[in-house]
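Chemist: Heads up: the sequence shown is residues -20 to -1, 1 to 484, going by mature numbering (1 follows the signal peptide of the UniProt record, and there is no 0). Yeah, the Cβ is synthetic: ideal placement off N, Cα and C, and Gly gets one too.
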Amino acid sequence: MKNKYIKIFCVAIVGALTLASCDKGFEELNTNPNALTDPALKSMFTLAEIYVDGQDFSNTRGNNIYAAQYVQHFASLGGGSKYTYSSEYSGALFGETYGKGLNQIFQLLSVTPNSPENSNMVQALRIMKVFLFQKLTDTYGEVPYFEAGKGYNGNIYAPKYDTQEAIYNDLLKELDEAGTALDANKAFVGNADLYYQSDVTRWKKLANSLMLRVAMRLSKVNPAKAKEYVEKAVAKGVFTSNDDSLVLKHDAGPAGVKTNPITSSWVRNDLNGGESNIKFSKTFIDLLKNTNDPRLRIYAKLEATGNNNPASQQGLPNDAKEFPGGDKKLFSDPNTSTVLRLDAPTLIMSYAEIEFILAEAVVRGWNVGGTAQKHYEDGVKAAMEVLTIFGDKVPAVTAAEYNTYITTYPFKTAGTDAQKIEQIITQKWIVLLFNGFEAFSEYRRTGYPVLVPVNDPTGETKGTIPRRLIYDQSELITNEANYKAAIQRQGLDLMTTRIWWDKV
């Protein structure tokens, strides 16, 4: 992270301690903030931005061990690769999001004066709230939404769960309203904004780009509404280059809030000179090797030897019961010189993802401008070029390498719509590396990339790829009636239960 952000982070951490932001659950979410007599609004805003990306707890358990292994970015001898169940791992995102990210946002909203000088901060918080709630509802299905956070001003400590349809309708409304209300002529938070340093134009693009993602999720369950909001987002203005991508920078230490929440626990506790129990999946490595993808040298290496030669990379099969050959060091790890540095930035939302959504929209016949081929090619190029955010220890992808790749594997202009969408989503799956939750959602929405399920006797799904995570089981104690009402509407609290937008 640039030096000018370090002090901001430190202030944010102090603010976090002052606010006693807790780890999980609705008790913490609804902690009475009346003790706050002089809230440091900018510091609280900074911490809210950090929490949008999640912390080690949910990223290690829900992302690395579950979602990213479901979609075969990574593999291990158990856990997500075999669809086993752990209440701690499955409930990690639920508890941490309500207890930290949403807690911080609702607490800040409850103490922020309703005045013009705070308007832009409020709109930004609404956008961040959508990020968190979309991840939650996509992962679990129905979740507490409209009554969440009402402990601050409504004395509701056991919030009811809302249908996913109602949540999605409100997510779209929030993004539409917040993006429009952002005003470059009003005050913001200066450099306390780690995302865009209070550049309102870029925040507007973020709101619209997130609207694009939210809307496309409805492509099967409500294609008319999906089309309406995809077109509206494009008309309002979405990301147009990698400069618009939402990138959160990190520091190498101390461990905790300042370090990358995906990489820090992995590097500190598990990687151990190539002895990691989690490796790149054979599915991921083979796809990149077989297509001579120039990104492979940036993504992967054999940690024990430092070898990032693409020809040497080897992925672990997701159905493996032991490491073939018995040596973990022979299998590819995320590259600690680039993507797995402790201070590696987080690519929260990329311009490449937006281009792939637009390419799919064109295939579906929606009015977003351009051709599917052009959006696809621009997406692949952006996905390769954005890797420069991970530093210069490994050579960047060159223009010549991109040209060779896109010429060798061109967009399937003569293919069927299904073939085109498969090609688009497969590229999106690559760029969503380390964002397992989003890749898991896109897999369920589209069925791509085509993955071979694992049928292991330790698994919970009888050989089918999970469709959701199981709720935080503390809800059976603290919010039992509302939990039971949700599963009565949605279906049993199982990994195989499909959520509202997940249609066959």
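Identify which residue in Thr220, Tyr63 and Gly34 has its Cα closest to the Cα of Glu440.
Modeler: Closest by alpha carbon: Tyr63.
Chemist: My assumption, with CB atoms under 8 Å, is that Met108 sits in contact with Ala161. Please give the rounded CB distance.
Modeler: The pair is not a contact, with the Cβ atoms about 14 Å apart (cut-off 8 Å).
Chemist: Quick one: residues in its chain with C-beta nearer than 7 Å to the C-beta of Gly359, no 5 flanking neighbours on either side, listed in chain order?
Modeler: The answer, listed in chain order, is Ala332, Glu335, Phe336, Ala339 and Gln407.
Chemist: Leaving aside the five residues before and after Gly295 along the sequence, list all residues of the same chain whose C-beta is less than 8 Å from its C-beta, in chain order.
Modeler: Result list for Gly295: Ala55, Lys259, Phe260, Ser261, Lys262, Thr263, Phe264, Ile265, Asp266, Phe311 and Ser312, in chain order.
Chemist: Does Ser421 come out as helix, strand or coil in the three-state DSSP assignment?
Modeler: In this structure, Ser421 counts as helix in the three-state DSSP scheme.
Chemist: Since Ile328 is in the beta strand (DSSP E), which residue starts that stretch and which ends it?
Modeler: Element bounds for Ile328: Thr326 to Met329.
Chemist: Thinking C-alpha only, which one of Gly371, Leu268 and Thr77 is nearest Phe111?
Modeler: It is Thr77 whose Cα lies nearest to the Cα of Phe111.
Chemist: Name, in chain order, the residues that DSSP records as bridge partners for Ser261.
Modeler: Answer by DSSP bridge pairing, in chain order: Leu296.
Chemist: Using DSSP bridges, identify the partner residues of residue 486.
Modeler: As shown, the chain starts at -20 and ends at 484. That puts residue 486 outside it, with no answer to give.
Chemist: Could you work out which residue in Val32, Gly60, Asp323 and His53 is closest to Gly42 when comparing CA atoms only?
Modeler: Nearest of Val32, Gly60, Asp323 and His53 to Gly42, Cα basis: Gly60.
Chemist: Classify Gly336 as helix, strand or coil using the three-state DSSP reduction.
Modeler: What sits at residue 336 in the sequence shown is Phe, not Gly. Note: Phe336 maps to helix in three-state DSSP.
Chemist: Under DSSP, the alpha helix (DSSP H) around Val366 begins and ends at which residues?
Modeler: That residue, Val366, is in no alpha helix (DSSP H); it is neither H nor E in DSSP.
Chemist: Just tell me which of Gly349, Tyr148, Glu157 and Gln103 has its CA closest to the CA of Val201.
Modeler: For Val201, the nearest C-alpha among the options comes from Tyr148.
Chemist: Given Ala376, which residues of its chain have a CB within under 6 Å of its CB, disregarding the five upstream and five downstream residues?
Modeler: Once the five neighbours on either side are set aside, the close Cβ partners of Ala376 are Thr368.
Chemist: Where are the alpha helix (DSSP H) runs, 4 residues long or more, that stay fully inside the region 425 to 460, in chain order?
Modeler: Segments of the alpha helix (DSSP H) lying fully in the region 425 to 460: 455 to 458.
Chemist: Determine the burial state of Glu255: buried for a count of at least 16 other Cβ atoms within 10 Å of its Cβ, exposed for fewer.
Modeler: Exposed, since its Cβ has fewer than 16 Cβ neighbours within 10 Å.
Chemist: Determine the DSSP secondary structure at Phe111, reduced to helix, strand or coil.
Modeler: It is helical.
Chemist: Leaving out the 5 sequence neighbours to the left and right, which residues in its chain are closer than 6 Å to Ile467 when beta-carbon positions are compared?
Modeler: Here the set comprises Asp473.
Chemist: So within the region 55 to 85, which uninterrupted alpha helix (DSSP H) runs reach at least 4 residues, ignoring any that extend past its ends?
Modeler: Runs of the alpha helix (DSSP H) inside the region 55 to 85: 67 to 70 and 72 to 76.
Chemist: Can you tell me whether DSSP reads Tyr31 as helix, strand or coil?
Modeler: Three-state DSSP puts Tyr31 in a helix.
Chemist: Assign Met193 to buried or exposed, taking buried as 16 or more other Cβ atoms, counted over all protein chains shown, within 10 Å of its Cβ.
Modeler: The question names Met, yet the displayed sequence has Arg at residue 193. Arg193 comes out buried.
Chemist: For Val227, which beta-bridge partners are listed by DSSP?
Modeler: Its beta-bridge partners are Leu327.
Chemist: Given that a residue counts as buried once 16 or more other Cβ atoms are within 10 Å of its Cβ, and exposed if not, what is Asn12?
Modeler: Residue confidence for Asn12 is low, a pLDDT of 46 falling below 50, so the modelled location carries little weight; the figure read from the coordinates is stated next. With fewer than 16 Cβ atoms within 10 Å of its Cβ, Asn12 is classed as exposed.
Chemist: Hey, how far is the Cα of Glu8 from the Cα of Lys130?
Modeler: Per-residue confidence for Glu8 stands at a pLDDT of 48, beneath the threshold of 50, marking its modelled position as unreliable; the derived number appears in the next sentence. Their backbone Cα atoms lie some 12 Å apart in a straight line.
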